[in-house]
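Chemist:
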Amino acid sequence: MLKRRRVNFLFIVFFISSYRFLYSIDNYNNSETYYRLSSFESVYTWSIASVRKPPYISEAFVDSTDTLHFAYYDNTINSYLYVYGKDGNFNKAVIDSGIGNLVSLYIVSNDIHLAYTKDNKIYYANNNSGSFKNYPLVLDSKIKKIIDLKLVVSVFNSPILFFIDNKGTLSVSRFFQYNFFSEAIYTNRLVDSVYPIAENDGYTMFFKEYNTGDIFYASRKTNTRFKFFDKSPLIQNVNNYDINYEAHNRFSIMYINRENKNSILSKKFYDGVFYNDTIIENNENILYFNSILDYSANNVIFYRNYNNILSFYTIDNTLDLSRLGSVDGILRVVSARYPYYYIIYYNSLFNELRVSKINLRDIQK
85 MLKRRRVNFL FIVFFISSYR FLYSIDNYNN SETYYRLSSF ESVYTWSIAS VRKPPYISEA
145 FVDSTDTLHF AYYDNTINSY LYVYGKDGNF NKAVIDSGIG NLVSLYIVSN DIHLAYTKDN
205 KIYYANNNSG SFKNYPLVLD SKIKKIIDLK LVVSVFNSPI LFFIDNKGTL SVSRFFQYNF
265 FSEAIYTNRL VDSVYPIAEN DGYTMFFKEY NTGDIFYASR KTNTRFKFFD KSPLIQNVNN
325 YDINYEAHNR FSIMYINREN KNSILSKKFY DGVFYNDTII ENNENILYFN SILDYSANNV
385 IFYRNYNNIL SFYTIDNTLD LSRLGSVDGI LRVVSARYPY YYIIYYNSLF NELRVSKINL
445 RDIQK
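Here the working numbering = 1-based position in the sequence shown + 84.
1) Rounded to the nearest angstrom, how far is the Cβ of Phe265 from that of Ser255, given a contact under 8 Å?
2) Under three-state DSSP, which class holds Ser432?
3) According to DSSP, simplified to helix, strand and coil, what is Arg421?
4) Could you give the DSSP three-state label for Arg388: helix, strand or coil?
5) Please state whether the Cβ-Cβ distance between Asn374 and Arg416 is less than 7 Å.
6) Look at the Cβ atom of Ile285, then the Cβ atom of Lys305, and state whether they are nearer than 7 Å.
7) Go ahead and pull the three-state DSSP assignment for Arg273.
8) Assuming Leu221 contacts Ile206 (C-beta within less than 8 Å), just tell me the rounded distance between them.
9) Quick one, are the C-beta atoms of Val192 and Val135 less than 7 Å apart?
10) Relative to the C-alpha of Lys226, which residue among Ser213, Leu233 and Asn250 is closest?
11) Leaving out five residues before and five after Ala144 in sequence, what residues of the same chain have Cβ atoms less than 8 Å from its Cβ?
12) Is it true that the segment 356-371 meets the segment 432-441, where meeting means three or more beta-carbon pairs spaced less than 8 Å apart?
13) Among Leu233, Tyr219 and Pro280, which has the Cα closest to the Cα of Phe260?
14) Could you give the distance in angstroms between the alpha-carbon of Ser142 and the alpha-carbon of Val167?
15) Go ahead and label Arg445 buried or exposed: buried means 16 or more other beta carbons lie within 10 angstroms of its beta carbon, across all protein chains shown.
16) Does Asn210 pass the burial test, meaning 16 or more other C-beta atoms within 10 Å, or should it be called exposed?
17) Rounded to whole angstroms, how far is the Cβ of Ile183 from the Cβ of Lys202, which I believe are closer than 8 Å?
18) Find out if the Cβ-Cβ distance for the pair Leu235, Ala282 is shorter than 7 Å.
19) Report the three-state DSSP secondary structure of Arg407 (helix, strand or coil).
20) Could you pull out every residue in the same chain whose Cβ sits closer than 7 Å to the Cβ of Asn162, ignoring the five residues on either side in sequence?
21) On the premise that Ile269 lies in contact with Thr253, defined as a C-beta separation below 8 Å, what is that separation, rounded to the nearest angstrom?
22) Spatial neighbours of Asn323 within its chain, please: C-beta separation below 7 Å, excluding the five flanking residues on both sides.
Okay, here's the thing in structure tokens:
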């Protein structure tokens, strides 16, 4: 009986080792390359880091050179890392170290802007001088935790931070000439998430009330104060949501209702009129999703089912991405040069943060 257990154990170790070797191609700057056989031809996957649990991943950007940019909190080495590169050639830079969680990234031209939490402070960092410099925003001692943090930068290269504390207070702070200036403090409702957008002439933000799940919005033009439209919600009873923003009078709120987590719904505002639609009807609960606009301004959605299998929705097709393995935590998607998309996610089988690149043309065949 003892020998049988030993043989089974050796077989399992050999199988896992063989599985990893089968898909491993090469190493580039501490990233490992995989090629996945799938129902379509071109899916490339690179391992960015080994981490103990799903990390918090920032927003993702692709610049004019087709280079991918994102940041994450590495819970193995307790550090914030900024990642950039393409096609397996990824580089990592440590932004800061310490106990943290949330990180937000924004890129304007070639300037990298970051906001993150550490030691009951919010930090803003940029590389305007050629290397990253960090600036702390000291919080009130009564604030025990930041539960959401977002950063956007205006066309005038002005960073502004949106954050929510453990009491549900929504605050907005602008960084200017090495100092922070309060723009707004909202306490009318208990807020648990915020989605800001930098517009050509100001800012818009969507925020969700904790108790009801209702979504409201606020906006301000340049050199004015934020005006909160919180009397009537845009959407009620929302579990989680995402925004696809095309222009000031053209945007879509993608969301999952608290009472029906099998579907992803949409409320689209287009030139003064709201349109409601059901985008995805699923057989199982949808745990998480991330959406963007495709090259024709249609909604593209990557979503994770209750069994941690990833799926990819376009206007023409829904694709099973189970060949990418078991996915957990936050996932991010961003469009690269046509016809490619990047996905950033945590693979729970190998405990790895990974980047996959998908060819849209193969999906449309």
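All residues carry an ideal CB built from backbone N, CA and C; glycine is no exception.
Modeler: Walking through what the data contain:
1) Incorrect: roughly 12 Å between the Cβ atoms, too far for contact.
2) coil
3) coil
4) strand
5) yes
6) According to the sequence as given, residue 285 is Asp; it is not Ile. Yes, the pair counts as a contact, with Cβ atoms nearer than the cut-off.
7) coil
8) 4 Å
9) no
10) Asn250
11) Leu152, His153, Phe154, Leu189, Arg416, Val417, Val418, Tyr426 and Ile428
12) no
13) Tyr219
14) 10 Å
15) exposed
16) buried
17) 7 Å
18) no
19) helix
20) Ser181, Gly182 and Ile183
21) 7 Å
22) Gly297, Ile340, Asn341, Arg342 and Lys345
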